[in-house]
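Colleague: In this note's numbering, the protein residues as written are 61 to 145. I have a structure here, written as structure tokens, and I will follow up with some questions on it.
So this is what it looks like as structure tokens:
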């Protein structure tokens, strides 16, 4: 995790209102954020964005949140993930 930089948080959420609300509130607290609206997009952004934490919705179109988490845990067992249901 970054000690001197802002934390990067990846939000994987298909409901635009929830995703934008999370992004706004996290940004106001000084975090950098990126949003993915599907599990597949979330996995792509996870590799590209290299977040310090993920906020992950369970009910996603296509690849669901638990499947996304399984993929992530194969490569990173310690990345903090906050699950939304």
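Note that CB positions come from ideal geometry on N, CA and C, so glycine has one too.
Does residue 118 come out as helix, strand or coil in the three-state DSSP assignment?
Modeller: Sequence index remark: in the chain shown, residue 118 carries index 58 (1-based). Looking at residue 118 - three-state DSSP - the assignment turns out to be coil, as it is neither helix nor strand.
Colleague: Excluding the five sequence neighbours on either side, which residues of its own chain have a C-beta within less than 7 Å of the C-beta of residue 145, listed in chain order?
Modeller: Your numbering for residue 145 matches position 85 in the chain shown. Cβ-Cβ distances below 7 Å link residue 145 to 118 in the same chain, with the five nearest sequence neighbours on each side left out; the list follows chain order.
Colleague: Run through DSSP, which three-state label would residue 70 get?
Modeller: Counted from its first residue, the chain shown places residue 70 at position 10. DSSP places residue 70 in strand when its eight states are reduced to three.
Colleague: How long is the line joining the alpha carbons of residue 77 and residue 94, rounded to whole angstroms?
Modeller: Locating residue 77 in the chain shown gives position 17, where the first residue counts as 1. Locating residue 94 in the chain shown gives position 34, where the first residue counts as 1. Approximately 14 Å between the Cα atoms of the pair.
Colleague: Looking at C-alpha atoms only, which residue of 85, 84 and 73 is the closest neighbour of residue 101?
Modeller: Counting from one through the chain shown, the residue named residue 101 turns up at place 41. When each option's Cα is compared against that of residue 101, the closest is 73.
Colleague: Measuring straight from C-alpha to C-alpha, what distance separates residue 125 and residue 91?
Modeller: Here residue 125 refers to the residue found at position 65 of the chain shown. Here residue 91 refers to the residue found at position 31 of the chain shown. One C-alpha to the other measures close to 22 Å.
Colleague: Return the CA-CA distance between residue 65 and residue 140, expressed in angstroms with no decimal places.
Modeller: Taking the first residue of the chain shown as position 1, residue 65 is located at position 5. Taking the first residue of the chain shown as position 1, residue 140 is located at position 80. Whole-angstrom Cα-Cα distance: 17 Å.
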